[in-house]
Amino acid sequence: MRLDIRWPIGGLFTITGVMLVIYGVVSDPAIYQKSLGINVNLWWGVVLVVFGILMLVLAHRASGGWAGWRRALSAEESGEDPRVG
Amino acid sequence: MLGIGWALRRVIRSSEDFFLSGRSIPAWIAGLAFISANLGAQEVIGMGASGAKYGIMTSHFYWVGAMPAMVFVGLFMMPFYYGSRARSVPEYLKLRFDEKTRGLNAITFAIMTVFSSGISMYALAKLLELVLGWSFHASIILTGVIVLIYIFLGGLTSAIYNEVLQFFLIVLGFLPLVLLGLKDVGGWSGLTAKLSVVATNAGFQPGAWSHSWKYMDSPTHNPMGIEWFGLVMGLGFAMSFGYWCTDFLVVQRAMAAGSMTAARRTPLIAAVPKMFMPALVILPGMLAIGMHATRGGFLPIGSDGQPNYNLAIPMLLAHYLPTGLLGLGLTALMASFMSGMAGNVTAFNTVWTYDIYQTFLRPGKSDAHYLRMGHAATVFGILASVVAAYAATRFNNINDILQLVFSFVNGPLFATFLLGMFWKRTTGHAAFSGLLTGTFVAALHYGLTMPRGASPGIHGGFLGTTLHVYPSEMALNFWTALFAWTSCFVSTIVISLFTTRTKTDDELRGLVYSLTPRIQEEAMPWYKRPVTLAIGILVASTILNVIFW
Chain A
840 MRLDIRWPIG
850 GLFTITGVML
860 VIYGVVSDPA
870 IYQKSLGINV
880 NLWWGVVLVV
890 FGILMLVLAH
900 RASGGWAGWR
910 RALSAEESGE
920 DPRVG
Chain B
132 MLGIGWALRR
142 VIRSSEDFFL
152 SGRSIPAWIA
162 GLAFISANLG
172 AQEVIGMGAS
182 GAKYGIMTSH
192 FYWVGAMPAM
202 VFVGLFMMPF
212 YYGSRARSVP
222 EYLKLRFDEK
232 TRGLNAITFA
242 IMTVFSSGIS
252 MYALAKLLEL
262 VLGWSFHASI
272 ILTGVIVLIY
282 IFLGGLTSAI
292 YNEVLQFFLI
302 VLGFLPLVLL
312 GLKDVGGWSG
322 LTAKLSVVAT
332 NAGFQPGAWS
342 HSWKYMDSPT
352 HNPMGIEWFG
362 LVMGLGFAMS
372 FGYWCTDFLV
382 VQRAMAAGSM
392 TAARRTPLIA
402 AVPKMFMPAL
412 VILPGMLAIG
422 MHATRGGFLP
432 IGSDGQPNYN
442 LAIPMLLAHY
452 LPTGLLGLGL
462 TALMASFMSG
472 MAGNVTAFNT
482 VWTYDIYQTF
492 LRPGKSDAHY
502 LRMGHAATVF
512 GILASVVAAY
522 AATRFNNIND
532 ILQLVFSFVN
542 GPLFATFLLG
552 MFWKRTTGHA
562 AFSGLLTGTF
572 VAALHYGLTM
582 PRGASPGIHG
592 GFLGTTLHVY
602 PSEMALNFWT
612 ALFAWTSCFV
622 STIVISLFTT
632 RTKTDDELRG
642 LVYSLTPRIQ
652 EEAMPWYKRP
662 VTLAIGILVA
672 STILNVIFW
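Listed in order, the protein sequences are those of chains A and B.
Numbering of the first sequence is given in our numbering, commencing with residue 840 and proceeding in unit increments.
Numbering of the second sequence is given in our numbering, commencing with residue 132 and proceeding in unit increments.
What follows is the structure, encoded as structure tokens:
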């Protein structure tokens, strides 16, 4: 089975979003003069996090939710590749 | 924040193992890859530049050009591509016609890929020049080396998945820019007010930059310098259908889909986000020119005294985005340039090695020999791209040069495909000479006409006498495509009638419409059927045309 593309996309944008939020909080407010006084790092970071988590949730649901994970885990314990199937 | 770029690269690379190509992939992924394959520098920089230079009329590339063409590909042409399992345009032409038609197309396609990658290279070098402050020459060399490394490391093995990722990167990286820009100028009404200054300065009616159809009664009334007939037939028909139906860089994405129905739905699904792309790529260009005209000095002035429209989007990025988000925007831009370049150089390598070298020059050598040739072709492709990149510096809008190349290559090719797929009487000799005639007529038209204000040479008019002067480069491109298409279409028909078919009906099964069994639609609800999707797309793009009339 292929890896659902929504996992890497979701992970990537969640991480990027978190980094932007952190940077938005600690950065010098003076740099936001160019963006019309809006702390775009903070706000767009939040948007990215929301988008990333949405992608992760969709991927999670497509893989069968928590039940799917439990199946995969028990399959792993019995020595099978959890990604197969 | 450039670190984000490196982090992205690493995630993309390490996840490559999971992405096996050649398997059936879901239609929405193929759909996003379908438009993403074309969301390179030409789209981002070129459409932004066109938005600045020609205003909202640039949207015709989408709502008159791409939409009907993508619907046509999905409904009518995909069955032949998917059914024949051809891996490239030259391969389809070989199956349908003969080796010489394939060879001719391979050569023009190779030239097209070199230009496309050269244009991406120019865009990336300009960006490095702007951001890092390097000289243009040094930036070009650096770009060439990076692409070479990228390709040899196998950066394209999971092309489709990278492209989907890139699609989101570009959308999410550019959206804040558009929102900030719109807020700054005071929304759409504020932008229209600024654009009316642009229009009156250029000697047009105030609405010339913000109405897409209203001023198309005469070429002298709008910045693109074209009237409705030339636009609908040249851009809407010859060029857009030519591009979306025959550019395999794009069409291949749909062929990765799991079934015939999925392959047909791919371009249709792709058309939905494509419809809204103008907000992301054309609007920033319009914002940039509006600010250039009212606040002054926004765009750098080129050697021809005109603003360098290509820099509209990079300048806007640097103007609005602070450290942090700027990193995301630049990463999105660079990723699209890089893949645009790598994709084209790889396509050049494939076409040169298998469709030209192996078929015509040195058949029957060992695999190792062709592999070495492939590596050499990659290096040569990059060197040729450097030349094309310098040619691109002569245009203040890279979309002008790109569409020029398309008008030469895709214009006549679309006529050949149309006849080949829908008229079984079309012969190999006719297809070959038709293509040759079409390309020759394109060159003749380009050599005898010029855009206003240009001097003979790379902008046309190199044959000594200039028969007609077009108001803009783009108008010249549209008419070149139309002349090329018509001459190819007519000469292919005439020569077909005077030559005999060499392929039997049996050999053409699955390649020609009348000899292909009707497709059995998979059982699915009506709202998922290709036809329903197609109608929805056409209605929606008509509405968009009316809104921005």
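Note that the Cβ used here is the ideal one computed from N, Cα and C, for glycine as well.
If you check the beta carbons only, do residue i and residue j fall under 8 Å apart?
| i | j | result |
| --- | --- | --- |
| residue 374 of chain B | residue 541 of chain B | yes |
| residue 253 of chain B | residue 520 of chain B | yes |
| residue 206 of chain B | residue 661 of chain B | yes |
| residue 349 of chain B | residue 358 of chain B | yes |
| residue 406 of chain B | residue 394 of chain B | no |
| residue 849 of chain A | residue 887 of chain A | no |
| residue 528 of chain B | residue 440 of chain B | yes |
| residue 306 of chain B | residue 567 of chain B | no |
| residue 292 of chain B | residue 469 of chain B | no |
| residue 450 of chain B | residue 343 of chain B | no |
| residue 329 of chain B | residue 179 of chain B | no |
| residue 623 of chain B | residue 550 of chain B | yes |
| residue 462 of chain B | residue 304 of chain B | yes |
| residue 479 of chain B | residue 245 of chain B | yes |
| residue 237 of chain B | residue 486 of chain B | yes |
| residue 186 of chain B | residue 340 of chain B | yes |
How far does the alpha helix (DSSP H) with residue i in it reach, from first residue to last?
| i | result |
| --- | --- |
| residue 331 of chain B | 318–332 |
| residue 582 of chain B | Unbroken run through residue 582 of chain B is the beta strand (DSSP E), 580–582; no alpha helix (DSSP H). |
| residue 212 of chain B | 209–215 |
| residue 500 of chain B | 498–523 |
| residue 270 of chain B | 267–283 |
| residue 852 of chain A | 845–865 |
| residue 608 of chain B | 604–629 |
| residue 408 of chain B | 391–426 |
| residue 551 of chain B | 529–553 |
| residue 221 of chain B | 220–227 |
| residue 647 of chain B | Note, residue 647 of chain B: premise wrong, no alpha helix (DSSP H); not H, not E. |
Check the Cβ of residue i against every Cβ in chain B and list those closer than 9 Å, keeping chain order.
| i | result |
| --- | --- |
| residue 887 of chain A | 303 and 459 |
| residue 866 of chain A | 453, 454 and 455 |
Anything in chain A within Cβ reach of residue i, meaning under 9 Å, just list it in chain order.
| i | result |
| --- | --- |
| residue 299 of chain B | 848, 851, 852, 890 and 894 |
| residue 450 of chain B | 873 |
Leaving out five residues on either side along the sequence, give the residues of the same chain with a beta carbon under 6 Å from the beta carbon of residue i.
| i | result |
| --- | --- |
| residue 259 of chain B | 265 and 270 |
| residue 664 of chain B | 399 |
| residue 418 of chain B | 312 |
| residue 274 of chain B | 252, 255 and 256 |
| residue 239 of chain B | 540 |
| residue 599 of chain B | 580 |
So with CB distances below 8 Å, who are the chain B contacts of residue i?
| i | result |
| --- | --- |
| residue 863 of chain A | 455 |
| residue 859 of chain A | 455, 456 and 459 |
Compute the Euclidean distance between the alpha carbons of residue i and residue j, then round it to the nearest angstrom.
| i | j | result |
| --- | --- | --- |
| residue 223 of chain B | residue 333 of chain B | 47 Å |
| residue 843 of chain A | residue 876 of chain A | 39 Å |
| residue 873 of chain A | residue 446 of chain B | 13 Å |
| residue 557 of chain B | residue 629 of chain B | 10 Å |
| residue 854 of chain A | residue 904 of chain A | 22 Å |
| residue 382 of chain B | residue 869 of chain A | 48 Å |
| residue 116 of chain B | residue 177 of chain B | As shown, chain B starts at 132 and ends at 680. That puts residue 116 of chain B outside it, with no answer to give. |
| residue 263 of chain B | residue 860 of chain A | 26 Å |
| residue 856 of chain A | residue 526 of chain B | 38 Å |
| residue 429 of chain B | residue 422 of chain B | 7 Å |
| residue 544 of chain B | residue 534 of chain B | 14 Å |
| residue 268 of chain B | residue 248 of chain B | 17 Å |
| residue 847 of chain A | residue 639 of chain B | 43 Å |
| residue 908 of chain A | residue 367 of chain B | 50 Å |
| residue 377 of chain B | residue 858 of chain A | 42 Å |
| residue 672 of chain B | residue 201 of chain B | 12 Å |
| residue 213 of chain B | residue 229 of chain B | 20 Å |
| residue 173 of chain B | residue 910 of chain A | 46 Å |
| residue 296 of chain B | residue 459 of chain B | 13 Å |
Give the residues of chain B in contact with residue i, contact being defined as C-beta atoms less than 7 Å apart.
| i | result |
| --- | --- |
| residue 883 of chain A | 307 and 456 |
What are the boundary residues of the beta strand (DSSP E) that residue i is part of?
| i | result |
| --- | --- |
| residue 599 of chain B | 599–601 |
Using a Cβ-Cβ cutoff of less than 7 Å, which residues in the same chain neighbour residue i once the five nearest sequence positions on both sides are dropped?
| i | result |
| --- | --- |
| residue 283 of chain B | none |
| residue 286 of chain B | At residue 286 of chain B the pLDDT is 47, less than 50, meaning the model places this residue with poor confidence; the figure from the coordinates comes in the next sentence. 473. |
| residue 515 of chain B | 245 |
| residue 642 of chain B | 211, 215, 226 and 227 |
Less than 7 Å separating the Cβ of residue i from some heavy atom of the ligand FMN?
| i | result |
| --- | --- |
| residue 367 of chain B | Of ligands this structure carries none, so the ligand FMN is not represented either. |
Chain A partners of residue i, CB-CB under 7 Å?
| i | result |
| --- | --- |
| residue 315 of chain B | 875 |
Can you pull the chain A residues whose beta carbon is under 8 Å from the beta carbon of residue i, in chain order?
| i | result |
| --- | --- |
| residue 311 of chain B | 874, 875, 877 and 879 |
| residue 432 of chain B | In chain order: nothing, as chain A lies at least about 23 Å away. |
Spatial neighbours of residue i within its chain, please: CB distance less than 8 Å, with the 5 preceding and 5 following residues excluded, ordered by chain position.
| i | result |
| --- | --- |
| residue 524 of chain B | 253 and 267 |
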